[in-house]
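Asker: Protein chains in written order, with the working numbering: chain A, 2 to 415; chain B, 476 to 582. Idealized CB from N, CA, C, for every residue including glycine.
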């Protein structure tokens with residue numbers, strides 16, 4: 002077992018890989034290489050409870066420091082994998098040392114997409130991805146009065162909700178005509194636009210940021226293409242992430258919005274896998290190659306590869322799920338709605354409890370649930386079972402989703 | 476700090492002190508107790524912090540809310556009458572001495 006498993010990246014996926022290997026009884030050396038100085042930690046709270054000051058730093062660590070020693074996981078903090086020698090099977094770190102591997106897992110994650118406008122480098126302009134980012138924003142929020150969030154996706158809206166709940170003047174600027182445009186349907190987008198407006202957030206859609214202005218080299222306003230100037234003493238850009246692929250590119254791997262892997266999450270080198278945010282994988286729920294940024298995907302891909310390393314390879318086919326908390330509303334998503342051609346609503350949007358079921362052709366592909374946890378759990382089961390639930394059944398509240406698998410099978414067989 | 480006892484499926488008991496306000500799940504994770512995964516970090520999304528609360532304690536806990544109720548339908552090990560998600564049990568002084576039993580598996 003000389004070399005054992007080297008995991009490049011110690012986010013949720015990298016941590017889980019090490020954790021799952023030991024849980025499965027893997028006896029070899031495990032080296033976990035993390036770029037940040039911190040123990041592996043949870044990211045979801047960074048834009049939610051942690052940012053709001055409702056969760057302390059000590060709650061973020063996925064496991065405490067003694068865990069790594071007791072499990073014989075060699076966790077290297079503040080180290081970066083700089084290059085891969087595929088012939089000699091070793092990773093060279095930026096600090097100069099080399100780590101041999103039998104199996105290498107790339108769990109490199111992603112980095113924030115930089116804001117491409119003048120003034121983006123100014124003091125007072127922040128991003129939110131890492132713990133350090135979150136600590137900086139949490140500190141700045143104590144002083145800030147006016148907060149401008151660029152990007153109406155999950156991160157931006159969660160952050161906007163936290164800041165607004167603290168009484169700040171909050172403006173969310175989204176370039177597309179609706180919120181969370183990449184991931185939810187217009188009905189859900191509209192619901193969230195109204196939710197934020199009702200809480201006093203200024204939501205500006207189809208708005209194009211062109212510049213950040215400054216006084217004393219400190220950001221003081223965001224300027225839009227129509228000339229509007231939104232004063233701010235804190236500007237946070239949440240405009241998506243870019244997968245970390247340079248290490249793989251330099252090692253000769255195919256990349257296309259992520260490190261290209263097969264259904265076993267293996268690259269074309271049988272000793273090297275890629276998982277989590279950086280892995281462009283064939284996903285049965287997307288029907289195509291995708292890259293998914295989520296806790297579920299990080300954890301389940303790590304488990305899939307840990308199983309493969311332990312001799313139990315299986316294709317990755319777990320049901321995708323996501324969640325977002327904004328104000329007191331929980332949105333739970335199951336499946337991947339991209340490319341849907343029909344959607345139906347279950348429940349009354351006015352009641353603040355409803356779900357949207359998405360279909361591609363005849364097939365149920367995703368369900369978004371607002372304050373309807375039972376629908377969400379039923380949806381995960383329906384998607385896992387490749388249910389033939391029809392749009393009519395989905396919209397009909399007299400149809401019990403928990404027995405819908407049997408029901409649709411019965412109807413379809415008649 | 477209240478002492479919480481986690482009893483593994485094989486019967487091994489681990490008692491640890493957990494700060495008031497932390498959840499029973501956090502008490503397990505921060506003490507590296509085997510048998511609690513807590514993959515979603517306490518967001519009621521994953522059901523991998525499932526426990527069987529000792530029956531002498533079950534009725535002293537706050538009641539189960541709907542999101543937890545739903546997650547309890549997808550636990551890997553069978554749901555029993557005293558099943559809870561440990562992320563939904565905040566530790567209080569009144570829970571000093573709480574005993575929870577861990578299921579044989581969480582996934």
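With a threshold of 8 angstroms, are at least 3 pairs of Cβ atoms found where one atom belongs to the stretch 184-204 of chain A and the other to the stretch 98-117 of chain A?
Answerer: As far as the Cβ criterion goes, the stretch 184-204 of chain A does not touch the stretch 98-117 of chain A, which means the pair count is below three.
Asker: Please work out which residues of its chain come closer than 7 angstroms, Cβ to Cβ, to residue 215 of chain A, disregarding the five sequence neighbours upstream and downstream, and give them in chain order.
Answerer: Cβ within range, chain order: 120, 123 and 221.
Asker: If you count every other CB in all the chains shown that lies within 10 Å of the CB of residue 58 of chain A, and 16 or more means buried, which is it?
Answerer: Exposed, because fewer than 16 other Cβ atoms sit within 10 Å of the Cβ of residue 58 of chain A.
Asker: Comparing the C-beta of residue 476 of chain B with each C-beta of chain A, is any distance below 8 angstroms?
Answerer: No, residue 476 of chain B lies away from the interface with chain A (no Cβ there is under 8 angstroms from its Cβ).
Asker: Name the one or two DSSP bridge partners that residue 273 of chain A has.
Answerer: In the DSSP output, where bridge partners are listed per residue, residue 273 of chain A has A/105.
Asker: For residue 384 of chain A and residue 405 of chain A, which I take to be in contact (beta-carbon distance under 8 angstroms), what is that distance rounded to the nearest angstrom?
Answerer: The Cβ separation is near 12 angstroms, so there is no contact.
Asker: Please specify which runs of the beta strand (DSSP E), each continuous and at least 3 residues long, are wholly inside the stretch 336-360 of chain A, giving them in chain order.
Answerer: Runs of the beta strand (DSSP E) inside the stretch 336-360 of chain A: 343-349.
Asker: Can a CB atom of chain A be found closer than 8 angstroms to the CB of residue 505 of chain B?
Answerer: It does: the Cβ of residue 505 of chain B has a partner Cβ on chain A nearer than 8 angstroms.
Asker: Checking the sheet assignment: what are the DSSP bridge partners for residue 53 of chain A?
Answerer: For residue 53 of chain A, which the question treats as bridged, DSSP gives no partner whatsoever.
Asker: Please identify, using Cβ separations under 7 angstroms, the residues of the stretch 273-301 of chain A that lie next to chain B, in order along the chain.
Answerer: Listed in sequence order: 296 and 300.
Asker: Could you have a look at residue 76 of chain A and say whether DSSP puts it in helix, strand or coil?
Answerer: Of the three classes helix, strand and coil, the one that applies to residue 76 of chain A here is strand, per DSSP.
Asker: Return yes when the Cβ of residue 159 of chain A is within less than 8 angstroms of the Cβ of residue 331 of chain A, no when it is not.
Answerer: It is not a contact, given that the beta carbons lie outside the stated cut-off.
Asker: Quick one: what does DSSP say residue 562 of chain B is sitting in, helix, strand or coil?
Answerer: Helix.
Asker: Can you look up residue 334 of chain A in the DSSP assignment and give me helix, strand or coil?
Answerer: Of the three classes helix, strand and coil, the one that applies to residue 334 of chain A here is strand, per DSSP.
Asker: Where residue 315 of chain A and residue 394 of chain A are concerned, what is the direct C-alpha to C-alpha distance, given to the nearest angstrom?
Answerer: Roughly 33 angstroms between the two C-alpha positions.
Asker: In chain order, what residues of the stretch 507-525 of chain B put their CB closer than 7 angstroms to some CB of chain A?
Answerer: From the stretch 507-525 of chain B, only 507, 514, 515, 516, 518 and 520 have a Cβ closer than 7 angstroms to chain A.
Asker: Alpha carbon to alpha carbon, how far is residue 71 of chain A from residue 503 of chain B?
Answerer: Cα to Cα, the separation comes out at about 15 angstroms.
Asker: Could you tell me the distance, in whole angstroms, from the CA atom of residue 269 of chain A to the CA atom of residue 256 of chain A?
Answerer: Distance between the alpha carbons of residue 269 of chain A and residue 256 of chain A is about 11 angstroms.
Asker: Using a Cβ-Cβ cut-off of 7 angstroms (strictly less than) and excluding sequence neighbours within five positions of residue 361 of chain A, which residues of its own chain qualify?
Answerer: Contacts found: 340, 341 and 342.
Asker: Cutting at 6 angstroms between CB atoms, please list the residues of its own chain near residue 542 of chain B, excluding the five before and the five after it.
Answerer: If we look at residue 542 of chain B and ignore the five residues flanking it on each side, its Cβ neighbours are 519.
Asker: Sorted by chain position, which residues of the same chain lie with C-beta nearer than 7 angstroms to residue 245 of chain A's C-beta, five sequence neighbours on each side aside?
Answerer: Closer than 7 angstroms at Cβ, skipping near neighbours: 109, 110, 111, 112 and 279.
Asker: Mind checking the stretch 62-88 of chain A against chain B and listing, in chain order, the residues whose C-beta falls within less than 9 angstroms of any C-beta there?
Answerer: Hits within the stretch, in order: 62, 63, 64, 65, 67, 68, 71 and 72.
Asker: In chain order, what residues of the same chain lie with their CB nearer than 7 angstroms to the CB of residue 580 of chain B, ignoring the 5 residues before and after it?
Answerer: Excluding residues within five positions, the ones whose Cβ falls inside 7 angstroms are 551 and 552.
Asker: Residues of chain B with a CB under 8 angstroms from the CB of residue 378 of chain A: which are they?
Answerer: Within chain B, the residues near residue 378 of chain A are 545, 546, 548 and 549.
Asker: How about residue 233 of chain A and residue 306 of chain A: do their beta carbons lie closer than 8 angstroms?
Answerer: Their beta carbons are not under 8 angstroms apart, which means residue 233 of chain A does not touch residue 306 of chain A by this criterion.
Asker: Three Cβ pairs or more, each shorter than 8 angstroms: is that satisfied between the stretch 136-154 of chain A and the stretch 29-38 of chain A?
Answerer: Judged by Cβ distances under 8 angstroms, the stretch 136-154 of chain A makes no contact with the stretch 29-38 of chain A, as fewer than three pairs qualify.
Asker: Excluding the five sequence neighbours on either side, which residues of its own chain have a C-beta within less than 8 angstroms of the C-beta of residue 539 of chain B, listed in chain order?
Answerer: If we look at residue 539 of chain B and ignore the five residues flanking it on each side, its Cβ neighbours are 547, 559 and 563.
Asker: Nearest chain A C-beta to residue 541 of chain B closer than 8 angstroms, yes or no?
Answerer: Output row for residue 541 of chain B: interface = yes.
Asker: Say whether chain B places a C-beta atom closer than 8 angstroms to the C-beta of residue 412 of chain A.
Answerer: Since pLDDT at residue 412 of chain A reaches only 48, below the 50 mark, its modelled position is unreliable, and no value is offered.
Asker: Could you name the residues of the stretch 369-400 of chain A whose beta carbon sits closer than 8 angstroms to any beta carbon of chain C, in the order they occur along the chain?
Answerer: Annotation note: the requested chain C is absent from the structure, which comprises protein chains A and B.
Asker: Cβ closer than 8 angstroms: which chain A residues qualify as neighbours of residue 501 of chain B?
Answerer: What residue 501 of chain B touches in chain A: 60.
Asker: Can you name the residues that DSSP bridges to residue 371 of chain A?
Answerer: According to DSSP, residue 371 of chain A bridges with A/332 and A/355.
Asker: Looking only at its chain, what residues have a beta carbon closer than 8 angstroms to the beta carbon of residue 582 of chain B, apart from the 5 residues adjacent to it on each side?
Answerer: For residue 582 of chain B, where only same-chain residues beyond five positions count, the Cβ hits under 8 angstroms are 512, 523 and 551.
Asker: Counting Cβ pairs closer than 8 angstroms, one from the stretch 61-76 of chain A and one from the stretch 181-195 of chain A, do we hit at least three?
Answerer: With a cut-off of 8 angstroms, the stretch 181-195 of chain A and the stretch 61-76 of chain A do not count as touching, because too few Cβ pairs lie within range.
Asker: Which whole-angstrom value describes the C-beta separation of residue 23 of chain A and residue 272 of chain A, a residue pair presumed to lie in contact below a C-beta threshold of 8 angstroms?
Answerer: 20 angstroms between Cβ atoms; not a contact.
Asker: Would you say residue 327 of chain A lies against chain B (beta-carbon separation less than 8 angstroms)?
Answerer: With 8 angstroms as the cut-off, residue 327 of chain A does not count as an interface residue toward chain B.
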